[in-house]
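Asks:
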Amino acid sequence: MERSIKYRVLIKCITAFLQALVLAGILTVKAGEGAGSCTAGISPEECLLNGGREDMPISSYWGQDNVGIISLNTFRTAYVGINRYDWQGNLIEEPVGGSLLRSVRNGEDGYITSAYSDSDRGCASVSIELRKDKTLDVNAAARYLCAGCLKNIIEKERETDLYGVGVIDFKTREIYVLDQRAADFQFGDFYFSYYILEEYGIDRGEGIRMVVFYCPRRYG
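Count the sequence shown with numbering that gives the first Met the number 0 and you get residues 0 to 219, in order.
#1: Does DSSP put CYS122 in a helix, a strand or coil?
#2: Is DSSP giving CYS46 helix, strand or coil here?
#3: What residues in its chain sit with their C-beta under 8 Å from that of LEU90, if we drop five residues either side in the sequence?
#4: Using the C-alpha atoms, what's the distance from SER126 back to LEU196?
#5: Would you list the one or two residues that DSSP bridges to GLN185?
#6: Identify whether ASP149 lies in helix, strand or coil by the three-state DSSP scheme.
#7: Output yes or no for whether 8 Å exceeds the beta carbon distance between PHE212 and CYS122.
#8: Given a threshold of 16 other Cβ atoms within 10 Å of its Cβ, counted over all protein chains shown, does VAL137 qualify as buried or as exposed?
#9: Is there contact between the stretch 169-187 and the stretch 101-108, where contact requires at least three CB pairs shorter than 8 Å?
#10: Any idea what DSSP makes of SER113, helix, strand or coil?
#11: Taking the continuous alpha helix (DSSP H) assigned at VAL137, which residues delimit it?
#12: Could you pull out every residue in the same chain whose Cβ sits closer than 8 Å to the Cβ of ILE41, ignoring the five residues on either side in sequence?
#13: Exposed or buried, what is ARG180 when buried is set at 16 or more other beta-carbons lying within 10 Å of its beta-carbon?
#14: So, SER116 versus VAL79, is the Cβ gap smaller than 8 Å?
#15: Strictly by DSSP, which residues pair up with THR76?
#16: Since GLY62 contacts LYS170 with CB under 8 Å, what's their CB separation in whole angstroms?
#17: Starting from the Cα of GLY88, find the closest Cα among TYR60, LEU177, THR73 and give me that residue.
#18: How big is the Cα-Cα spacing for ARG203 and ALA139?
#19: Let me confirm a value: ARG75 is counted as buried when at least 16 other C-beta atoms fall within 10 Å, else exposed. Which label applies?
#20: What does the Cβ neighbour count give for ASP119, buried or exposed, with the cut at 16 atoms within 10 Å?
#21: Alpha carbon to alpha carbon, how far is TYR218 from ILE299? Give it in angstroms, no decimals.
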């Protein structure tokens with residue numbers, strides 16, 4: 000019995016020591032098959048979500064009650080934009096009279112998205128051709144995120160491997176990484192439903208079809 004207790008204490012000490020090495024950047028950790036090894040990330044001051052970094056286009060959307068599709072490999076963002084804002088960041092509360100199409104290509108081999116947003120009805124339809132963003136490169140994500148944000152975003156228990164794309168909430172600066180499981184989920188003031196397309200787009204590779212609804216809490 001005494002030997003068993005000592006063994007468990009030793010295991011706990013070793014585990015705590017290894018976790019400390021990971022946070023220090025000395026060791027790396029695995030984040031799903033095909034995702035590569037995960038470095039400790041950059042400093043909180045330089046973190047795109049936690050810090051005051053304003054050198055990327057995504058920073059112009061901070062504070063909006065809106066979402067976008069983001070590549071965790073490059074942090075290129077496709078703005079969905081169900082709620083409309085002016086250049087000063089003020090909400091535009093007037094009818095549009097139609098849908099707006101936005102398309103974004105993430106580099107030469109990254110994702111391609113098309114988003115039809117209907118601001119009058121508070122919904123959007125999004126198509127994503129994953130291409131090389133089908134795979135999450137955790138080392139690439141670590142160039143933009145600190146260790147705390149990496150842990151919150153990537154190290155959640157999932158039944159399947161994570162994609163290299165996710166949904167970002169510009170109001171809360173939170174990211175929900177999509178995976179190979181079709182799902183419905185609530186994220187901030189938005190409700191999402193998506194399913195996987197096995198052959199989609201130019202390369203006939205894997206893609207995602209998604210619908211988004213703006214549904215803030217009605218009472219309280």
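For each residue, glycine too, the CB sits at the ideal point set by N, CA and C.
Replies: Judging by the given coordinates:
#1: CYS122: strand per DSSP, three-state reduction.
#2: DSSP places CYS46 in coil when its eight states are reduced to three.
#3: Hits under 8 Å: ASP64, ASN82, ARG83, TYR84.
#4: Their backbone Cα atoms lie some 10 Å apart in a straight line.
#5: Partner(s): TYR190.
#6: Sequence check: residue 149 is Leu here, not Asp. LEU149 falls in the helix class under three-state DSSP.
#7: Pairing PHE212 with CYS122 gives a Cβ-Cβ distance under 8 Å.
#8: Per the 10 Å Cβ criterion, buried.
#9: These segments do not touch.
#10: For SER113, the secondary structure class from DSSP, reduced to helix, strand or coil, is strand.
#11: Start and end: 137-140.
#12: Within the same chain, ILE41 has close Cβ partners ALA141, ARG142, TYR143, LEU144, CYS145.
#13: Around the beta carbon of ARG180, a 10 Å sphere encloses fewer than 16 other beta carbons of the protein chains shown; the residue is thus reported as exposed.
#14: A contact, by the Cβ cut-off of 8 Å.
#15: Its beta-bridge partners are ILE69.
#16: Going by Cβ atoms, the distance from GLY62 to LYS170 rounds to 7 Å, so yes, they are a contact pair.
#17: Minimum Cα distance to GLY88 is reached at TYR60.
#18: Our two residues, ARG203 and ALA139, have alpha carbons roughly 25 Å apart in a direct line.
#19: Buried, since its Cβ has 16 or more Cβ neighbours within 10 Å.
#20: Classified as exposed, ASP119 has fewer than 16 neighbouring CB atoms from the shown chains inside 10 Å of its CB.
#21: Any answer about residue 299 is impossible in this case: the structure gives the chain only from 0 up to 219.
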